[in-house]
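For reference, the structure discussed in these notes is given below.
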Amino acid sequence: MNVIEASNLVKRFGNLEAVRGVSFTVREGEIFGFLGPNGAGKTTAINILCTLLYPTAGEAKVNGYDVVKECSKVRQSIGLIFQESTLDDYLTAEQNLRFHGYAYAVPRDVLESRLKELLEMVELWDRRKAKIRTYYGGMKRRLEIARGLLHRPRVLFLDEPTLGLDPQTRRRIWDYIRDLRKRENLTIFMTTHYMDEAENCDRVAIIDYGRIVVMDTLEALKDGVGGDVISVRTEDNDEAMRLLVGQYKLTPSMRNGVISFTVPRGEEFLPGFVSGFPVPISSVGLARPTLEDVFLQVTGRSIREQEADPMHDMKQMVRGRGRGR
Amino acid sequence: MVNFFRSVRVIAHREFLRFIQDKPRLFSSFSMPLIFLVIFGAGFSRLIGQIIPDVDYIQFMYPGILCMPILMTSVMSGVSVVWDREFGFLKEVLVSPLNRSGVLAGKAAGAGIIALIQGSIMLAVAPFLNVAVGPRTVLTLIPLILILSFALSALGLLIGARMRSQQGFQLLMQLVIFPMLFLSGIFFPVAQVARWLEVLSKLNPVTYGIDAIRQAFLGAEVAGVTVFGHTMGILESALVVAMVGAVFLTGAIWVFNRRD
């Protein structure tokens with residue numbers, strides 16, 4: 222079943238087209254990610270899906286509800302964690318959660334038990350009486366995750382969920398998210414410009430200049446690069462090269478005494494290769510292509526190069542406008 | 077409709093929580109009016125003498141002074157949507173299923189509750205100024221304060237609905253709040269000043285709110301705004317404020333409901 226269906230979404234701000242015809246579907250229980258540099262249109266797309274912006278053209282359904290015509294039903298059924306905190310700094314953690322519970326009409330008795338359960342899950346139960354002002358970044362994000370789940374949404378939207386957090390906190394947050402998905406069959410839609418964060422997705426759409434450049438499972442995307450890079454050191458490299466070309470029909474290359482070649486699904490290829498290869502092998506290595514390699518291949522740039530793109534500042538501005546409300 | 081009232085309740089509750097937890101704001105809202113009362117009172121009362129028999133300048137000024145913290149806090153709680161927007165909390169509200177008109181009405185309702193608290197605290201000064209406060213006065217004051225606070229927070233909301241940053245605040249204070257304060261007849265009877273000042277004061281909706289509240293304390297003799305030869309009674313003045321407030325709130329809701 223599809224939880225999110227978007228077709229030909231377009232969003233223009235004046236002359237600038239932030240999203241230029243984006244279509245995709247997200248299945249129930251899936252972790253789906255938009256990966257792209259800052260200003261690629263990710264946040265604008267998420268804002269359309271969560272009813273903060275109207276699309277200029279195209280349509281989208283979340284949980285079967287139209288994001289333009291049935292926005293209050295969409296709102297009731299989704300949870301959101303934005304890249305910047307949306308907590309009330311002057312209230313306590315508990316007051317923030319209660320506000321959310323009342324706003325989403327969570328029944329009182331359910332609210333009490335959910336409150337405790339979620340605060341314990343994100344390890345903030347002891348700090349529930351503290352004002353948010355006294356929280357640091359990671360705690361705020363954890364609390365927001367707890368809050369986003371309080372009304373049992375069917376989809377959780379995460380906009381750059383771990384932006385600006387230290388690696389340890391990022392890992393912990395991802396532990397929660399994966400755990401949640403398992404327990405509640407939650408669908409997760411996220412945006413990120415961190416390659417390693419996108420590794421948590423089942424499927425990724427690489428988005429660049431407002432368009433989806435490529436969209437597939439992580440495995441398929443990486444396989445698209447041409448498979449895995451295997452590097453071996455053998456006792457007789459010349460003989461090994463001959464065999465690899467002749468018998469294995471591969472295109473190996475040798476550098477500094479290491480032979481390397483690309484095969485699809487390297488981890489399946491390797492065990493058989495090692496046990497069956499006639500020339501004794503002294504060392505073997507397998508490197509998976511990274512999303513960075515995928516991004517480089519499909520956009521022709523690395524994601525970091527693009528950060529310095531002159532278009533970047535301009536788009537950032539537009540995004541700021543969209544984020545305002 | 078259920079959603080509307082729930083929205084009002086939820087938002088008003090939050091405004092109230094924030095107010096009582098923000099002690100500095102609570103105290104600072106009283107400092108200015110009390111300073112005005114003491115300085116102006118001590119400075120002018122002997123000079124001016126009695127406005128009418130049995131009502132001296134301090135007594136004349138007091139009802140307006142009582143409204144000062146209400147005025148400031150109400151406008152500010154309306155404008156606080158700008159803070160909410162800047163610090164992100166507004167987004168939590170906007171993506172929630174809360175009804176947006178209800179959210180704004182809730183802000184105004186929260187301001188009303190806060191105004192009542194401020195009004196009661198200001199009432200404690202009355203005995204020291206020989207201003208009589210009977211049960212009837214108090215009962216009349218409650219709706220009047222609510223109406224005044226409603227209109228002013230609606231004005232604040234209208235201003236804040238499209239404002240993106242706090243940079244306009246200084247301007248807002250100088251161009252809206254202070255003129256409204258000083259042209260509201262708090263410090264002088266609007267009928268006894270220069271013609272241009274009188275006209276400006278009569279265009280200021282706050283004037284009618286202050287006037288109604290003054291009538292509640294001192295009776296109709298000392299107050300009453302005369303418009304086109306008709307002197308407004310307590311009810312008429314209150315009605316003017318309520319209507320202006322309704323217009324402001326409708327405007328704010330309209331601006332707020334527009335989505336890009």
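Residue numbers (this note's numbering), protein chains in the order written: chain A, 222 to 546; chain B, 77 to 336.
All C-beta atoms in this analysis are idealised placements derived from N, C-alpha and C, irrespective of residue type, glycine included.
| Query | Result |
| --- | --- |
| Outcome for B:VAL275 when other beta-carbon atoms lying within 10 angstroms are tallied against a minimum of 16 | exposed |
| Spatial neighbours of A:MET222 in its chain, beta-carbon cut-off 6 Å, leaving aside the 5 residues before and after | GLU249 |
| A:ARG296: contacting residues in chain B (beta-carbon distance under 7 Å) | VAL171, SER172, PRO173 |
| Which of helix, strand or coil DSSP assigns to B:LEU259 | coil |
| Under the three-state DSSP convention, the category A:SER334 falls into | helix |
| Contact under 8 Å by Cβ, A:ARG296 with B:SER172 | yes |
| Chain A contact for B:PHE264 (CB, 8 Å cutoff) | no |
| Continuous beta strand (DSSP E) stretch holding A:LYS263: start and end | It is not in any beta strand (DSSP E) - A:LYS263 instead sits in the alpha helix (DSSP H) that spans 263-270. |
| Backbone CA spacing between B:HIS89 and A:ALA324 [nearest angstrom] | 11 Å |
| Chain A contact for B:VAL155 (CB, 8 Å cutoff) | no |
| Contact with chain B by A:TYR323, beta-carbon distance below 8 Å | yes |
| Beta-carbon proximity of B:ARG290 to B:VAL298, cut-off 8 Å | yes |
| Cβ-based neighbour list, B:LEU174, same chain, cut-off 6 Å, excluding 5 preceding and 5 following | SER83 |
| Beta-carbon spacing of A:GLY300, A:GLY369 below 8 Å | yes |
| Own chain residues within Cβ distance below 7 Å of B:GLY24, not counting five before or after | Residue 24 of chain B lies beyond the range of chain B shown here (77 to 336); nothing can be said about it. |
| At least 3 beta-carbon pairs within less than 8 Å: the segment 500-510 of chain A vs the segment 419-431 of chain A | no |
| Through-space distance from B:ILE87 to A:LEU312, alpha-carbon basis | 13 Å |
| Near-chain B residues of the segment 373-397 of chain A - C-beta to any C-beta below 8 Å | none |
| Pair within 8 Å by beta-carbon distance, B:VAL207 and B:TYR138 | yes |
| Rounded Cβ spacing between A:GLY448 and A:GLY487 (contact assumed at less than 8 Å) | 6 Å |
| Unbroken alpha helix (DSSP H) run spanning A:GLU489, endpoints | 487-497 |
| Per-residue DSSP class, three states only, for A:ALA529 | Here A:ALA529 scores only 44 on pLDDT, less than 50, and its place in the model is too uncertain to base an answer on. |
| B:VAL301 beta carbon less than 8 Å from that of B:ASP287 | yes |
| Option in A:LEU407, A:GLU418, A:ASN406 with minimal Cα separation from A:ASP387 | A:GLU418 |
| Chain B contacts from the segment 329-342 of chain A (Cβ-Cβ distance under 8 Å) | none |
| Continuous beta strand (DSSP E) assignments of at least 3 residues falling wholly in the segment 105-181 of chain B | 126-128 |
| Assigned exposure category for A:THR520 - 16 Cβ within 10 Å defines buried | buried |
| Contact set between B:PHE120 and chain A, taken where Cβ atoms lie within less than 9 Å | None at all; the shortest Cβ gap to chain A is about 39 Å. |
| Beta carbon proximity, B:GLN97 to chain A, threshold 8 Å | yes |
| A:VAL331 classed as buried or exposed, judged by whether at least 16 other C-beta atoms fall within 10 angstroms | exposed |
| Buried or exposed (CB count within 10 angstroms, at least 16 for buried), A:THR438 | exposed |
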